[in-house]
Amino acid sequence: MNPETNTIYLRSPAKVNLSLLVVGKRPDGYHELLTEMIMIDLYDDIMMEKVKEQGIHLRISGRPIDGNPGDNLVVRALSGFIKTVHGKSSSARISGGFAVDLTKKIPIGAGLGGGSSNAATVLWGANWMMGCPLNQEEVLRLCQELGSDVPFFLGSPRAMGVGRGDRLVPLPPPAPGFIVLWNPEVHLPTSSVYQSLDPATFEIGSPFELTENERSTRINSLLKSGVLVNSLEEPAVRLCPQVGEGLRFLEKICPGNVRMTGSGPTIFARFDSRDEAQSVQKKIADRLGCWSGVFQILVTSPFPERGEK
0 MNPETNTIYL RSPAKVNLSL LVVGKRPDGY HELLTEMIMI DLYDDIMMEK VKEQGIHLRI
60 SGRPIDGNPG DNLVVRALSG FIKTVHGKSS SARISGGFAV DLTKKIPIGA GLGGGSSNAA
120 TVLWGANWMM GCPLNQEEVL RLCQELGSDV PFFLGSPRAM GVGRGDRLVP LPPPAPGFIV
180 LWNPEVHLPT SSVYQSLDPA TFEIGSPFEL TENERSTRIN SLLKSGVLVN SLEEPAVRLC
240 PQVGEGLRFL EKICPGNVRM TGSGPTIFAR FDSRDEAQSV QKKIADRLGC WSGVFQILVT
300 SPFPERGEK
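Here the sequence shown is numbered in numbering that gives the first Met the number 0, starting from 0 and rising by one per residue.
Okay, here's the thing in structure tokens:
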């Protein structure tokens, strides 16, 4: 793949929150999080082309996406990219626009970060195609404006998200292994899950900002404990009983190794062996149906060049 090419093909990975701890409510209305994230080889496919026509031309196939296509994160990401490049230098102005073919394979609204990953991927792709007019800091700033999960996808394949989840602490690559995913194919809005949180469950309180020392101590404690947690599970189960059914069934098969990812409703279990993972996936598919799969944990970033000159 060479800079300033007219067409590129990219794969946009999913993420899994191994742990997600809500420690309080921030003064800005968001929740303060500690979340350990990894990438897996469940991908959406993206073809990007530089075209003469102005604007962003998005075509989506695979899984259907509700809502106005103009509000899609891919469109917002590329529109922000063009605006930022134009504002940076008159000599760096982009003529024409981008055509994007997005093939959705990652379940929608599933706690797997598909939309956020798509946004990060096209930002990286556009910057690469145009010869990298934006540096890494500028690209990441655009990611942060789009959503809390977006910056993660252009960094380490394993990281701790803090604050709203958008401030990242890179971690050593994850141990190789496999993830079993099961999704009940029920829409569970993220906003509803957070609104259903009981403030009494917050680790510290509201409102507050963790100091660096507090954050470091809690990150180390969470990582060293080896215990998977997700503060959003309880409200998700109340809103979507199927999540609870899946958690209970998987917990019987692999106790202590099961959690919900993100705000749900997808649940996961982690395994060292592909054969063991496939055996568990078959059991949950036979018992609960819906959507499930076995995916490999990524130990290197899908975007090793980082998109810089």
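Every residue gets a Cβ at the ideal spot worked out from N, C-alpha and C, and that includes glycine.
Taking 9 Å as the cut-off, the Cβ atoms of Y42 and S78 do not count as close. Note on T200: under 16 other CB atoms within 10 angstroms of its CB, so exposed under the neighbour-count rule. By the Cβ test, the region 96-109 is in contact with the region 51-62, since at least three Cβ pairs between them sit closer than 8 Å. In this chain, the beta strand (DSSP E) harbouring R157 covers 157-162.
Between L33 and V161, the gap from beta carbon to beta carbon is short of 9 Å.
DSSP, reduced to helix, strand and coil, places Y8 within a strand of the structure shown. Going by beta carbons, F152 and T120 fall inside the 9 Å limit. Contact check for S18 against S155 fails: the beta carbons are separated by 9 Å or more. Per DSSP, the continuous alpha helix (DSSP H) segment holding K251 begins and ends at 240-252. Counting C-beta pairs with one atom in each stretch, the region 258-267 and the region 225-236 have three or more that are closer than 8 Å, which means they touch. Per DSSP, reduced to three states, the secondary structure at D274 is helical. If you look at N182, you'll find it in the beta strand (DSSP E) that goes 177-182. Per the DSSP secondary-structure output, M38 pairs in a beta bridge with K14. Going by C-alpha positions, G255 is about 35 Å away from L139. V257 is not a Cβ neighbour of F270, given a cutoff of 9 Å. The secondary-structure analysis by DSSP pairs A268 across a beta bridge with V179, V257. Ranked by how close their Cα comes to the Cα of F302, the residues E35, A125, G28 have A125 in first place. If you check the CB distance, T260 and A109 come in under 9 Å. Under the DSSP assignment, T102 falls in the beta strand (DSSP E) whose first and last residues are 96-103. DSSP lists no bridge partner for F151. About 5 Å separates the CB atoms of L231 and V192; that is less than 8 Å, so the two are in contact.
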